[in-house]
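The structure is reproduced here in structure tokens:
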């Protein structure tokens with residue numbers, strides 16, 4: 007098959023014997039010349055998208071010379087997010103859809119993105135078969151930018167409060183914005199095409215004369231105060247800014263006029279409107295009255311506090327609100343005048359519509375006319391009845407939280423019901439197929455496997471949803487205690503299990519300070535991050551866990567070398583039910599809730615989560631922070647080493663009841679760190695079965711430490727042989743108690759006795 | 035030996051199942067699989083559209099929420115392409131609200147089934163759609 011390859015460069019004709027000159031196809035010559043001289047980039051490709059033709063305009067557009075690109079696949083010009091565009095267009099061209107026109111983006115040699123308008127047409131051989139495509143491309147980066155700028159400018163002009171109008175050199179109005187409509191009263195329809203002179207009162211400068219004057223002095227714009235005429239015949243004071251409008255060659259083709267209403271009326275209107283709005287929206291009862299005590303104004307706050315509407319009260323006497331024996335506003339005013347005070351505040355009582363007496367803080371001021379004569383009084387009352395304040399505040403905050411919770415619930419319910427339907431459809435659908443059809447054994451098995459998998463997925467989903475719901479509603483109480491984070495991380499890694507394909511390595515160079523966390527919750531966070539790291543590394547790769555101190559937090563990082571994340575996904579990754587969509591992760595199952603749960607847990611600790619990725623194929627880094635323990639509780643009486651939070655609490659409460667302070671460590675590692683960091687307990691209670699280092703080892707180390715010569719009580723569910731008990735006693739354990747009913751009481755009793763001041767014992 | 039007159043030779047109807055959930059594709063495929071249909075599968079909207087153009091199926095079973103082009107987008111593209119005028123469309127979706135259903139029917143779907151659905155019901159719908 008012949009390739010329809012057009013000549014790339016028309017080389018200057020070599021001097022060759024004229025007689026031997028081959029006949030030149032005039033069509034081909036024309037094509038070549040067009041190619042050479044075109045302002046548009048023309049690029050030819052074969053069906054494999056390999057570049058065959060590259061004209062000088064293409065070089066100008068992309069920066070590459072023909073020598074650099076001919077023979078290369080065109081895909082290097084495509085931004086990564088548009089790689090499939092090529093195939094789609096090729097498909098359409100191949101389907102005989104003809105030339106395709108579209109705007110898209112391409113990468114310049116310098117790495118910058120350019121906007122191009124494309125026309126893609128098929129190249130056919132003589133037989134009509136498609137052997138490639140030709141693309142005509144034009145750089146429209148500038149046009150796009152100009153379009154945006156123009157649209158933005160138009161929006162700014164239209165939304166301005168100033169009257170902005172454009173006019174021709176003859177003074178014919180060409181544009182009229184909403185501000186102009188507002189200030190002058192005329193609509194754009196009424197004014198466009200009319201003379202600007204309609205707005206100019208006799209004797210006032212016309213915009214165009216101003217322009218003429220400006221040209222004489224070379225000024226670019228001119229501002230001055232003048233008057234303009236409105237539709238209603240009123241004259242208004244305006245501050246006018248006039249500028250010439252020039253065409254692209256710099257010739258003046260008209261003038262623009264920006265007018266700001268600076269009339270007293272405009273100012274007064276604004277101020278009055280603002281004041282009225284403030285008064286009306288106030289929670290205080292603000293009322294105005296004449297010197298005789300007749301009410302003239304009554305705001306919404308007054309209606310709320312006193313119960314009367316404005317309609318009921320305006321023109322009525324203010325005395326309706328004053329209980330017998332209480333001061334009346336007008337008497338107060340009289341008193342104020344005697345002492346020259348401007349306002350007066352005091353607490354008194356007022357009477358409501360429903361007969362209730364309320365406590366109010368009242369501020370009374372005289373109302374004066376423009377000459378300064380007192381014409382009435384204003385009274386601002388704030389309801390200070392304890393009950394009212396409390397209930398109002400409570401109601402508002404309750405309402406807010408109820409609304410927030412119900413909104414969150416609505417979202418959750420709609421998301422969940424949607425997410426539940428797919429696994430349910432599998433379960434029910436296959437059940438029905440199995441029930442209604444006689445199926446061969448391998449098929450039955452396959453369907454049952456799917457059902458089992460989907461059933462498990464449904465269970466995970468429900469568990470995660472419930473967990474998240476508890477976290478969101480704030481019902482999940484964190485059992486925060488000092489903890490050795492490195493030990494927690496090691497435990498999470500052990501729990502994640504061995505996987506030769508994606509091994510987990512811990513890299514913590516400096517000893518971490520103790521953190522203040524709920525150990526179970528943090529273990530779950532670690533488990534989620536580690537599971538994700540493996541799940542989204544289908545080809546394996548090292549998973550690195552590191553931790554370091556950042557300010558008063560410890561930052562933990564879980565880094566994988568897996569699929570990575572597109573930049574667009576990063577901000578949404580921790581949202582409920584969000585899952586990244588890409589072909590390579592379609593087969594990876596997940597509820598879309600793990601990271602949302604992690605975020606909630608970390609945030610409940612006062613920490614934050616973060617994710618970084620250098621893009622698809624470059625792995626991901628998840629970071630979260632946890633607060634460090636600000637101060638080691640050095641002075642506590644008893645150190646309780648117990649991973650069962652319920653039992654630890656029980657002990658703690660009993661110690662407190664005896665006047666002793668107790669600190670809990672959820673594992674032996676944490677207990678050891680507390681002791682190292684300077685905690686000096688006067689007694690230790692420990693369990694034997696602990697998550698990491700076991701109780702036996704812990705008490706042995708305690709016994710070997712000459713600095714810690716304190717009573718140690720062991721409480722355990724282990725059924726110890728006498729030899730084991732004596733071994734414990736040998737390393738310094740004071741008492742070994744089986745964990746059974748009453749054991750905590752015995753332990754607390756033993757310790758408080760040992761710690762009691764010797765004097766009382768004798 | 036069976037003899038068939040040329041005018042009653044059965045042409046195998048092509049049915050495309052587009053859903054991003056492998057278990058859903060398996061279920062739908064298993065439900066409608068028979069000697070009368072050739073069943074194709076697509077795992078996302080873009081793949082679905084490619085296969086639709088290539089095979090001009092008689093019927094497309096479309097999941098609404100798919101990566102790439104959504105089921106509703108594909109439906110719109112089918113409806114505006116004269117070469118696909120004979121293609122019937124059944125929407126299969128987890129969106130169960132009346133508004134969703136209305137959107138699907140307005141867009142020109144022949145049927146709208148909500149997940150979970152009964153496979154036998156689906157089969158009935160498929161046969162109805164193909165014999166319209």
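Residue numbers (the working numbering), protein chains in the order written: chain A, 7 to 768; chain B, 35 to 166. Beta carbons: idealized from backbone N, C-alpha and C, even for Gly. In this text, all values refer to a predicted model and were calculated from it rather than measured experimentally.
- For residue 152 (chain B), the C-beta contacts it makes with chain A under 8 Å involve 434, 435, 438, in order along the chain.
- Taking a beta-carbon distance threshold of 9 Å, residue 58 (chain B) counts as an interface residue toward chain A.
- Collapsing the DSSP output to three states places residue 259 (chain A) in a strand.
- At a cut-off of 9 Å between beta-carbon atoms, residue 448 (chain A) makes no contact with chain B.
- Residue 282 (chain A) sits in a helix when the DSSP states are folded into three classes.
- Under the three-state reduction of DSSP, residue 295 (chain A) is assigned to strand.
- Of the candidates A:681, A:626, A:636, A:612, the residue whose Cα lies closest to the Cα of residue 644 (chain A) is A:681.
- With respect to the 9 Å criterion, residue 388 (chain A) and residue 380 (chain A) are not classified as neighbours on the basis of their beta carbons.
- Cβ atoms of residue 89 (chain B) and residue 74 (chain B) come within 8 Å of each other, at about 6 Å.
- Rounded to the nearest whole angstrom, the C-alpha separation of residue 44 (chain A) and residue 141 (chain B) is 45 Å.
- Closest in alpha carbon position to residue 137 (chain A), among A:569, A:669, A:128, is A:128.
- Inclusion of residue 546 (chain A) and residue 507 (chain A) in the CB contact set at 9 Å is warranted, their separation being smaller than that value.
- According to DSSP, residue 388 (chain A) shares a beta bridge with A:367.
- In this structure, residue 77 (chain B) lies away from residue 94 (chain B), with their beta-carbon atoms at least 9 Å apart.
- Using a Cβ-Cβ cut-off of 9 Å, residue 456 (chain A) is close to 56, 57, 60, 61 of chain B, given in chain order.
- Per DSSP, the beta-bridge partners of residue 355 (chain A) are A:365.
- Judged by DSSP in its simplified three-state form, residue 117 (chain A) adopts coil rather than helix or strand.
- Cβ contact annotation for residue 201 (chain A) (same chain, cutoff 7 Å, sequence separation greater than five): 177, 178, in chain order.
- Taking all protein chains in view, the Cβ of residue 147 (chain B) is crowded by 16 or more other Cβ atoms within 10 Å, so the residue is classified as buried.
- Cβ contact annotation for residue 98 (chain A) (same chain, cutoff 8 Å, sequence separation greater than five): 106, in chain order.
- About 43 Å separates the CB atoms of residue 251 (chain A) and residue 140 (chain A); that is not less than 8 Å, and the two are not in contact.
- Contact annotation: the stretch 235-249 of chain A touches the stretch 203-217 of chain A, with at least three C-beta pairs closer than 8 Å.
- For the pair residue 99 (chain B) and residue 525 (chain A), the Cα-to-Cα distance works out to about 39 Å.
- Beta-carbon to beta-carbon, residue 550 (chain A) and residue 511 (chain A) are separated by about 5 Å, close enough to satisfy the 8 Å threshold.
- The alpha carbon of residue 694 (chain A) has as its nearest neighbour, out of A:532, A:745, A:596, the alpha carbon of A:745.
- If the five residues before and after residue 658 (chain A) are omitted, its C-beta is found closer than 6 Å to the C-beta atoms of 668, all from its own chain and listed in chain order.
- Within chain B, no C-beta atom comes nearer than 7 Å to that of residue 107 (chain A); the closest sits roughly 18 Å away.
- In the pairwise beta carbon analysis, the stretch 113-122 of chain A is classified as touching the stretch 142-156 of chain A: at least three pairs are separated by under 8 Å.
- Close partners of residue 64 (chain B) in chain A (Cβ separation under 7 Å): 439.
- The beta carbon of residue 367 (chain A) sits closer than 6 Å to the beta carbons of 353, 388, 390 from its chain, once the five residues preceding and following it are set aside; these are given in chain order.
- For residue 117 (chain B), the number of other beta carbons within 10 angstroms of its own is below 16, and it is reported as exposed.
- Assignment of beta-bridge partners to residue 130 (chain A) by DSSP yields A:136.
- Rounded to the nearest whole angstrom, the C-alpha separation of residue 92 (chain A) and residue 110 (chain A) is 11 Å.
- Neighbourhood of residue 310 (chain A) in chain B, by CB distance below 7 Å: empty, with the nearest CB roughly 39 Å away.
- Per DSSP, residue 502 (chain A) lies in no beta strand (DSSP E) segment; the continuous alpha helix (DSSP H) that holds it begins and ends at 491-502.
- Per the coordinates, the alpha-carbon of residue 650 (chain A) lies some 18 Å from the alpha-carbon of residue 521 (chain A).
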